[in-house]
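Q: To start, I am sharing the structure in question, which I have written as structure tokens.
In my numbering, the protein residues as written are 178 to 291.
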């Protein structure tokens, strides 16, 4: 292996695949369960939080150079939505913001990939 080949960083295509998988699963979850909002102490909200956490973690694994190839995807928002949009107080999740991200932002992200 020459110096040029060793300097090239190979990106695992599964990084994008897992990110998209969780986005699609969350979209399907919201659609199939016909969720219009999250009730207090709702299991649906808990599952949506889990999906968003996985989407967030997978997004953080994607290098900025790869994210730059998809400029219409709101990477900055995805990478920071937990701290900036959802967490309003210690162990309190803003259910309206959670629903908005799940029902509106995630489908937009999926659409940008098509």
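C-beta: ideal position from N, C-alpha, C; glycine also.
Are the stretch 195 to 203 and the stretch 224 to 243 touching by the rule of at least three beta carbon pairs closer than 8 Å?
A: Yes, they touch.
Q: Tell me which residues share the same chain as residue 212 and place their Cβ nearer than 7 Å to its Cβ, disregarding the 5 neighbours each side in the sequence.
A: Excluding positions up to five away in sequence, the list reads 221.
Q: Going by C-alpha to C-alpha distance, which of 256, 245, 217, 252 sits closest to residue 273?
A: Closest by C-alpha distance to residue 273, out of 256, 245, 217, 252, is 217.
Q: Return the Cβ separation of residue 270 and residue 226 in integer angstroms, given the expectation that the two are a contact with Cβ distance under 8 Å.
A: 6 Å
Q: Just reading off the alpha helix (DSSP H) that residue 223 is part of, what are its end residues?
A: Its alpha helix (DSSP H) spans residues 220 to 238.
Q: State buried or exposed for residue 223, treating a residue as buried only when at least 16 other CB atoms are found within 10 Å of its CB.
A: exposed
Q: Report the option in 248, 256, 242, 284 whose CA atom is closest to the CA atom of residue 231.
A: 256
Q: Could you pull out every residue in the same chain whose Cβ sits closer than 8 Å to the Cβ of residue 286, ignoring the five residues on either side in sequence?
A: 200, 250, 251, 255
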